[in-house]
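In what follows, a single structure is set out as structure tokens and then discussed.
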Amino acid sequence: MNDQYVVRLVHKYRKKGLLIDTNLALLYVVGSLNTLKIKEHKRTCNYTIDDFDRVVRFAGLFDKVIVTPHILTEMSNLLGKSSELQNILSGFIRSSIEIFKPSISATRTSRFASMGLTDSAILSIAKNKFLVLTDDMPLAAILVNASVETVVLESLRRI
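If you read the sequence shown in the working numbering, its first letter stands for residue -13, the second for the next number, and so on.
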């Protein structure tokens, strides 16, 4: 994925919105509390402060950040009981747009058994509507194969 392709995707989806997958949304929340916490939290310790900055800058290029109830539930559970992190999550929720897709609809994809509920919902919600930002390479491959335009964190690292 080259710079020009990413720029084209940003222009195409700037007004429509960016759907951020769970792991990068977690990075956004943890880093928003304190970038030093990124290396301390078990779900974000493989990321860097530069990764956080990339995600924040990239998300800032879009008029809307899109999430699903499934993503938000995963985030809340993975953030744990820290009131500080839950407060940051609350702000993240208020600043995003939550798109609901009934779970029964998400299970209708032939890939549900291998993808799980959250990723199946992402697939069904994003198609022809939103750009997806993820670092989950298996998910990215499925999305691209299903004609869902996707940017992976690794490509932002190379820009």
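By construction, the Cβ of each residue, glycine as well, lies at the ideal position given by its N, Cα and C atoms. As the structure is a computational prediction, the values presented were derived from the model and not from experiment.
Nearest-angstrom Cβ-Cβ length linking residue i and residue j, presumed shorter than 8 Å
i, j, result
"L10", "T120", "7 Å"
"T54", "I85", "6 Å"
Closest residue to residue i among the options (Cα-Cα distance)
i, options, result
"I108", "Q(-10), D7, Y(-9) and N(-12)", "D7"
"G17", "V51, F48, V(-8) and L65", "L65"
"A92", "M101, R80 and S106", "S106"
"L142", "F78, R97, L58 and R40", "R40"
"T59", "L12, A132 and T21", "L12"
"R97", "S76, D49, N131 and F78", "N131"
"S68", "C31, D36, F44 and K23", "K23"
"S81", "V15, N(-12) and F38", "V15"
"R29", "M61, L129 and D36", "M61"
Residue i burial status per 10 Å Cβ neighbour count (16 or more: buried)
i, result
"E140", "exposed"
"A99", "exposed"
"I90", "exposed"
"M123", "exposed"
"Y(-9)", "exposed"
"S76", "exposed"
"V42", "exposed"
"A45", "buried"
Open item on the list: Is it the case that the stretch -6 to 3 contacts the stretch 109 to 128, given that we only count it when at least three CB pairs across the two stretches are under 8 Å?
Closed with: yes
TODO: Taking 8 Å as the threshold, find out whether the stretch 64 to 84 comes into contact with the stretch -12 to 2 through three or more Cβ pairs.
DONE: no
- [ ] Only counting runs of 3 or more residues, tell me where the beta strand (DSSP E) segments fall wholly within the stretch 0 to 85, in order along the chain.
- [x] 4 to 6 and 51 to 53
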